[in-house]
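S.K.: Numbering (our numbering), first residue to last: 2 to 450.
For glycine and all other residues, C-beta sits at the position ideal for the given N, C-alpha and C.
Below is the structure I would like to discuss, written out as structure tokens.
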Amino acid sequence: MRISLVFLLIFLAAVFISPQPDTSSSGSLSFRSGYFSIFNEKTDFSHFNSSILSNSLNINYKLDKTVLYSSMSSYRFIVESRNSNNRTNVDLQNREDAVQVGLSTGFRSLFIKPEIRFSKANKKILTEYSIDYGIYHPGMGLYLAQFSYIKTHFPFYAMGVYAGEGFGITNYTPYYLLSTKIGLNLIPDGSTFDIEYFKNIQVDNKFDSSFGYTDKPEIEMFNLTHNHNSKDFILRTGFTRLTGRWRIILLYENLPFSTITFPTVSYSALASELKLKNTRFTPSIFFNYYYFRIDGAGNIQSWPFTSVITNVVANRMNFRIDGWLNAINLGGKLTLPLGGFHISPELQFYHIIPESEIDTWQPEYLVFGVRNFYDSYDEIKNAGLARLRVFTDWKLEDYSISAELSQFIPLYLTKEIKKKRPPGYIKPEQGQGTITGGTEIQIKISREF
Numbered sequence: 002m003r004i005s006l007v008f009l010l011i012f013l014a015a016v017f018i019s020p021q022p023d024t025s026s027s028g029s030l031s032f033r034s035g036y037f038s039i040f041n042e043k044t045d046f047s048h049f050n051s052s053i054l055s056n057s058l059n060i061n062y063k064l065d066k067t068v069l070y071s072s073m074s075s076y077r078f079i080v081e082s083r084n085s086n087n088r089t090n091v092d093l094q095n096r097e098d099a100v101q102v103g104l105s106t107g108f109r110s111l112f113i114k115p116e117i118r119f120s121k122a123n124k125k126i127l128t129e130y131s132i133d134y135g136i137y138h139p140g141m142g143l144y145l146a147q148f149s150y151i152k153t154h155f156p157f158y159a160m161g162v163y164a165g166e167g168f169g170i171t172n173y174t175p176y177y178l179l180s181t182k183i184g185l186n187l188i189p190d191g192s193t194f195d196i197e198y199f200k201n202i203q204v205d206n207k208f209d210s211s212f213g214y215t216d217k218p219e220i221e222m223f224n225l226t227h228n229h230n231s232k233d234f235i236l237r238t239g240f241t242r243l244t245g246r247w248r249i250i251l252l253y254e255n256l257p258f259s260t261i262t263f264p265t266v267s268y269s270a271l272a273s274e275l276k277l278k279n280t281r282f283t284p285s286i287f288f289n290y291y292y293f294r295i296d297g298a299g300n301i302q303s304w305p306f307t308s309v310i311t312n313v314v315a316n317r318m319n320f321r322i323d324g325w326l327n328a329i330n331l332g333g334k335l336t337l338p339l340g341g342f343h344i345s346p347e348l349q350f351y352h353i354i355p356e357s358e359i360d361t362w363q364p365e366y367l368v369f370g371v372r373n374f375y376d377s378y379d380e381i382k383n384a385g386l387a388r389l390r391v392f393t394d395w396k397l398e399d400y401s402i403s404a405e406l407s408q409f410i411p412l413y414l415t416k417e418i419k420k421k422r423p424p425g426y427i428k429p430e431q432g433q434g435t436i437t438g439g440t441e442i443q444i445k446i447s448r449e450f
């Protein structure tokens with residue numbers, strides 16, 4: 002349940018914490034800082050912490066039909082887990098500092114948008130670039146074609162310890178993505194349709210530790226969005242579907258010692274928002290649906306001697322993962338003008354239905370028999386969350402300051418026993434714990450010139 006909730010909150014918060022360039026008619030300079038405490042749990046013998054911290058400085062300048070922009074950003078995603086009962090420690094981190102420059106320009110019916118990004122992750126410099134180009138019909142407002150070539154990466158540092166033995170991996174994985182986008186802008190009724198499709202076409206693995214790493218991911222993503230802007234209201238709808246398959250092999254001196262396979266990783270989202278115009282408080286209501294699923298299996302050796310010995314006599318932990326999560330989100334917000342201020346209170350409700358099971362066990366000597374079997378599954382039938390969010394902005398001549406505070410609040414939790422425990426089951430000690438998290442803070446300062 003904790004991992005599923007972390008994934009859900011990351012998806013919900015990604016649009017707010019990811020640094021994005023601002024736009025203006027002439028030029029702008031802005032600084033944005035954000036902190037998101039995702040989920041934290043502490044008992045007498047264990048603790049689990051997860052958080053995200055991001056900062057960015059953005060500069061934009063527009064000259065005729067060309068927009069130049071650049072940004073400097075830092076990003077930290079950290080997950081820490083400790084459990085003294087089964088002597089496991091896990092650290093997962095995604096951290097990097099980056100500089101990005103790009104421009105958007107065009108000539109007659111052609112447009113092009115190249116970008117380049119340099120990032121520093123774990124003392125290594127990585128290069129990421131994208132080229133977005135296509136043909137545009139100004140009279141019809143129709144994108145006849147739009148294609149992108151993107152090189153991106155997912156750097157992370159991971160460390161795990163089991164039964165007193167540990168391993169660490171520093172990973173740099175560039176993924177070459179090819180995407181296609183079709184845009185349709187219907188000027189008479191003010192509607193826009195966008196279709197996007199992404200798929201990775203090549204993978205280049207690099208690692209920086211005594212342990213190697215290979216993987217074979219397959220990633221596909223489909224986006225469909227529609228915006229309707231009339232005299233009285235704005236209607237936004239969208240659908241996102243992401244699927245993937247992933248096989249990870251850990252190596253020591255080019256010999257495999259652990260294999261992790263995720264045959265099914267999928268995420269779907271359906272979003273809609275209705276915003277009324279020509280009203281004093283500009284009310285809006287929205288409805289969202291989220292679905293996430295993951296299946297996986299594998300084994301991890303505590304110490305890799307050789308590929309043969311580890312399979313027979315080494316201290317190995319096998320595991321299976323099967324889980325999915327449904328979430329329904331309904332909410333609304335208002336915009337209250339107060340002199341030079343604007344305050345926008347927002348209230349959201351989430352109904353979450355999780356289902357997950359994680360089995361871990363170790364083989365006996367010469368792999369005859371099973372020991373230390375743990376069958377861990379959530380007994381939560383459904384859960385309810387509220388999200389209270391307040392946004393305010395203040396403008397003074399060429400400067401503007403905005404701040405945002407968001408807090409998730411638990412409302413209800415329903416549990417049920419879903420199946421009988423197998424004979425010889427070892428029930429992990431739970432203990433009395435404290436749970437915090439779900440807090441997000443955003444601050445932005447900008448100046449137009």
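#1: If we count the other Cβ atoms within 10 Å of its Cβ and call it buried at 16 or more, is L9 buried or exposed?
#2: So the candidates are T435, K382, W395 and I446; which of them puts its Cα closest to the Cα of T415?
#3: Using only CA atoms, which one of E97, I79 and T67 lies nearest to M471?
#4: Tell me, which residues are paired with P411 by DSSP?
#5: Whole angstroms is fine: what's the gap from L104's alpha carbon to N59's?
#6: Candidates Y70, N95 and N86: which alpha carbon is nearest S55's?
#7: Taking 9 Å as the threshold (C-beta atoms), are S285 and E274 in contact?
#8: Going by DSSP, name the residue or residues bridged to D394.
#9: Which value, in whole angstroms, describes the spacing of the CA atoms of Y176 and Y291?
#10: Comparing C-alpha positions only, which one of L30, F49, F46 and F78 sits nearest to K63?
#11: Give a yes or no on whether 9 Å exceeds the smallest Cβ distance from N319 to chain C.
#12: Just to confirm the assignment: which complete beta strand (DSSP E) runs, minimum length 3, are found wholly within the stretch 48–133?
#13: Could you give the first and the last residue of the continuous beta strand (DSSP E) run that contains T437?
#14: For G341, count the other beta carbons within 10 Å of its own beta carbon; 16 or more makes it buried, fewer makes it exposed. Which is it?
#15: Taking its Cβ as the centre, do 16 or more other Cβ atoms sit within 10 Å of T361, making it buried, or is it exposed?
#16: Taking only the alpha-carbon atoms, compute the straight-line gap between N330 and A270 and give it to the nearest angstrom.
#17: Tell me which residues share the same chain as I353 and place their Cβ nearer than 6 Å to its Cβ, disregarding the 5 neighbours each side in the sequence.
#18: For S57 versus S75, is the C-beta spacing smaller than 9 Å?
M.R.: According to the structure data:
#1: Numbered from 1 along the sequence shown, position 8 holds the residue referred to as residue 9. Low local confidence applies: a pLDDT of 44 at L9 is under 50, so the model's placement there is unreliable, and no value is given.
#2: Within the sequence shown, numbered from 1, the residue matching residue 415 stands at position 414. Per the C-alpha coordinates, the member of T435, K382, W395 and I446 positioned closest to T415 is K382.
#3: For residue 471 there is no data in the structure shown, the boundaries of the chain being 2 and 450.
#4: As a working note, residue 411 is residue 410 in the sequence shown. Paired residue(s): L386.
#5: Position 103 of the sequence shown, counting from 1, holds the residue named residue 104. Position 58 of the sequence shown, counting from 1, holds the residue named residue 59. Taking the straight line from one Cα to the other gives about 13 Å.
#6: Residue numbering aside, residue 55 sits at position 54 when the sequence shown is read from its first letter. N95 is the residue among Y70, N95 and N86 whose C-alpha sits nearest the C-alpha of S55.
#7: The sequence position of residue 274 within the sequence shown is 273, counting from 1. The sequence position of residue 285 within the sequence shown is 284, counting from 1. In this structure, E274 sits near S285, with a CB-CB distance shorter than 9 Å.
#8: By one-based count along the sequence shown, residue 394 stands at place 393. Within the DSSP bridge table, the entry for D394 names H343 and S403 as partners.
#9: As a first step, residue 176 must be located in the sequence shown, where it is residue number 175. As a first step, residue 291 must be located in the sequence shown, where it is residue number 290. Distance between the alpha carbons of Y176 and Y291 is about 26 Å.
#10: In the sequence shown, counting from the first residue as 1, residue 63 sits at position 62. Cα-wise, what sits closest to K63 is L30.
#11: The displayed structure is made up of one protein chain only, and chain C is not part of it.
#12: Complete beta strand (DSSP E) runs here, min 3: 67–84, 89–108 and 111–122.
#13: As a position in the sequence shown, residue 437 is number 436, starting the count at 1. For T437, the enclosing beta strand (DSSP E) stretches over residues T435 to E449.
#14: Counting from 1 along the sequence shown, the entry for residue 341 is found at position 340. Looking at its Cβ environment, which holds fewer than 16 other Cβ atoms inside 10 Å, G341 is exposed.
#15: Sequence index remark: in the sequence shown, residue 361 carries index 360 (1-based). Burial state of T361 is buried, judged by a 10 Å Cβ sphere holding 16 or more other Cβ atoms.
#16: The residue you call residue 330 lines up with position 329 of the sequence shown. The residue you call residue 270 lines up with position 269 of the sequence shown. In this structure, the alpha-carbon of N330 lies about 11 Å from that of A270.
#17: Counting from one through the sequence shown, the residue named residue 353 turns up at place 352. Excluding its 5 nearest sequence neighbours in each direction, I353 has C-beta neighbours in its own chain below 6 Å: A328 and A384, listed in chain order.
#18: By 1-based counting over the sequence shown, the position of residue 57 is 56. By 1-based counting over the sequence shown, the position of residue 75 is 74. A distance below 9 Å separates the beta carbons of S57 and S75.
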